[in-house]
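**Q** So in the UniProt record's numbering the end of the first sequence lands on 489, straight run, no missing numbers. C-beta atoms are modelled at their ideal positions from N, C-alpha and C, and glycine is treated no differently.
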Amino acid sequence: MGGFIPGLLNKAMTITQSTRMLIKPSDAVVWISCQRRAWLDKHQPTAYEPDAFNQLLSDRGLAHEAAILAKLENQFSVVQATSFEHTQALIQQGAQVIYQGRLVDENQGLVGYPDFLIRQESGQYQSADAKLSLSENKKAIQIQLGIYRRLLGNGLPAMVFLGDGRTALLGDEVELLVDEFITSMKALLDLEQQPSVRYSHSKCRICPYEAHCRPEFEMREDISLLYGVHGKAADALAEAGISTISQLAASTVDTVPDVPYLKGSKRKYRAILQAQSFLSGKVYSLDKTVLPEGTWIHFDIEDNPLTRSRERHVYLWGFLLPTYAKDDFDYVWTDGEANDYEGWLGFLQKVEAYRSLYPSIVLAHYSNHEKATIRKYAERYAMENHTTVLWLLGQDSPLFDMQNPVLNCLVLPLQGYGLKDICKHPDLVDFQWENQESGSQWSVVQFNRFLSETNPREKQKLKNEILGYNRDDVVATRHLELWLRNLFC
DNA sequence: AGGTCGAAAATCCACAGGTG
DNA sequence: CACCTGTGGATTTTCGACCT
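#1: Could you work out which residue in 368, 386, 376 and 381 is closest to residue 400 when comparing CA atoms only?
#2: For residue 347, does the three-state DSSP call read helix, strand or coil?
#3: Am I right that residue 231 and residue 200 are in contact with their C-beta atoms under 8 angstroms? What's the rounded C-beta distance?
#4: Residues in the same chain with beta-carbon distance under 6 angstroms from residue 269, minus the five sequence neighbours each way, listed in chain order, please.
#5: For residue 270, report the span of its alpha helix (DSSP H) as first-last.
#6: Shortest alpha-carbon distance to residue 118 belongs to which of 66, 265, 403 and 75?
#7: Going by other Cβ atoms of all chains shown within 10 Å of its Cβ, with 16 needed for buried, is residue 227 buried or exposed?
#8: Tell me the rounded alpha-carbon separation between residue 280 and residue 413.
#9: Could you round the C-beta distance between residue 112 and residue 72 to whole angstroms and report it? I think they count as a contact, below 8 angstroms.
#10: Out of 172, 209 and 68, which one is the CA nearest neighbour of residue 162?
#11: Output the distance between the C-alpha atoms of residue 481 and residue 61, rounded to the nearest integer angstrom.
#12: Got a sec, what are the start and stop residues for the beta strand (DSSP E) residue 330 sits in?
#13: Quick check on the burial criterion: 16 or more other C-beta atoms within 10 angstroms. Buried or exposed for residue 290?
#14: Take residue 318 and list the residues in its own chain whose beta-carbon comes closer than 6 angstroms to its own, dropping the five residues that flank it on each side.
#15: Is the separation between the beta-carbon of residue 95 and that of residue 115 shorter than 8 angstroms?
#16: First and last residue of the beta strand (DSSP E) that includes residue 302?
#17: Please return the same chain residues whose Cβ sits closer than 6 angstroms to the Cβ of residue 171, not counting the five positions on each side in sequence.
#18: Throw me the rounded Cβ distance for the residue 189 and residue 42 pair, which I believe falls under 8 angstroms.
#19: Among 186, 423, 193 and 451, whose alpha-carbon lies nearest the alpha-carbon of residue 313?
#20: Residue 70 lies in the alpha helix (DSSP H); which residues open and close that run?
#21: Please state the DSSP three-state secondary structure of residue 411.
#22: At a cut of 8 angstroms, does the region 439–451 reach the region 215–229 through at least three beta carbon pairs?
#23: For the putative contact between residue 275 and residue 259, defined by C-beta atoms under 8 angstroms, what is the C-beta separation to the nearest angstrom?
#24: Any idea what DSSP makes of residue 285, helix, strand or coil?
#25: What's the call for residue 405, buried or exposed, on a 16-neighbour Cβ count within 10 Å?
#26: In the DSSP assignment, what are the bridge partners of residue 492?
#27: Which residues share a DSSP beta bridge with residue 167?
#28: What number of angstroms, rounded off, separates the C-alpha of residue 486 from the C-alpha of residue 47?
#29: Straight-line CA distance for residue 88 to residue 29?
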């Protein structure tokens, strides 16, 4: 194996066929998330299907690009490039805007396809990309646009058409980052063996190479497999002689040194228990869980992050009331962002109705998302001083985040403490969703299908599925509540 | 794609003190 | 006076883990 050597290229091989070992802007996204993944992409690429949610994002990105293209076509004459050579020819001819131009620089080892190349009055070309993102201050974007600048080599800042309609310029300020990226990518290209990395649950579980890496982590009993243990902490522990889960499980708070991201006896104690739990599958209780008194109402919202305005729209505010059977599911639904305000008012009304029905209520939800969203809505509609809002967000808030007692009191044989992780586990809550494929990203996809569906029957069907999913979510938190009460209170 | 949270690291900045 | 160094404190960034 080894790096790509231009000189040894078969003459019949076109540039397009040999670009794998060149650095391309889209490598930046992977490079930021994981060095190993970046290496594998270059040396042992795997074809994989993006999930429905990423497909949705990708479709939106293409639609955004098409919208920008249409705009530019109104202003300029736009020509689509079909190859590297064609792009060069168009540049020579001085085409006003080149769409999907293809640039390559084998000396720098770079290749890139900027969405647009826009001719300036000086005759120089400026690269421009359409990005769904709302901010230009993202490493991946800065690197990508920075690569286009290098490929053009004229010093002009690159332009980005952002998802909210803003345009931004990226100039010399991104150079340092681009340097770091290129240097690191070149080193990865030359590397004979995959670099060693640590496990990160949030990154690895969505990685196409998970099946490749995971057995290795497990065989090594890599400590970073444990929930809450940072990769850097694992590195430092290994240096101190603790490099397997078994070793950590056999340690005590006093024999584990303080390391970055794992300091203090409390955190170290948790990590040790997490290691023991990983090996034994047992649940450890740190503290008695204390649950608030009152009439519990389970609460879960669904929202659409991909609205036209790009402000999140909560289209479903779901509740599970006593006696917590499936029929006790209640909700406020809105068909689209045009009814955003109605949905919010409907939610406030519902909550007030529950409050008058029961002497004291607890609105139980999982993780802080519900509370944060209520805060956002209060701000959006300037209702911070509304009596219901004051009550919801004030001192005696009925909102109760069930993740808190779980995180504070329990150590579970899991790598994630999300609602689904805990509820689906057969040895824990053991509650199964009726819709197997459901998940938070699934609901976003379904709602966007609902929005674009024109057949009323199909539309109703999609809505029912989403309602069923949301109902299962609140039923799940109810099951979690009972599980906590039975075992830990 | 967006966001929140908390811990910890990284960066920045004003200011003090020393040196040639 | 220009320049370097150290320090404490405030601010910003990063990380991993959640949510839609």
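**A** The short version:
#1: 368
#2: helix
#3: 6 angstroms
#4: 253
#5: 265–280
#6: 75
#7: buried
#8: 8 angstroms
#9: Rounded, the Cβ-Cβ distance is 19 angstroms, inconsistent with contact.
#10: 68
#11: 40 angstroms
#12: 329–333
#13: exposed
#14: 300, 331, 470 and 474
#15: no
#16: 295–304
#17: 157
#18: 6 angstroms
#19: 451
#20: 52–75
#21: strand
#22: no
#23: So it is not a contact: roughly 15 angstroms between Cβ atoms.
#24: strand
#25: buried
#26: Outside the shown range of the chain, which is 1 to 489, sits residue 492, and nothing can be said about it.
#27: 161
#28: 46 angstroms
#29: 27 angstroms
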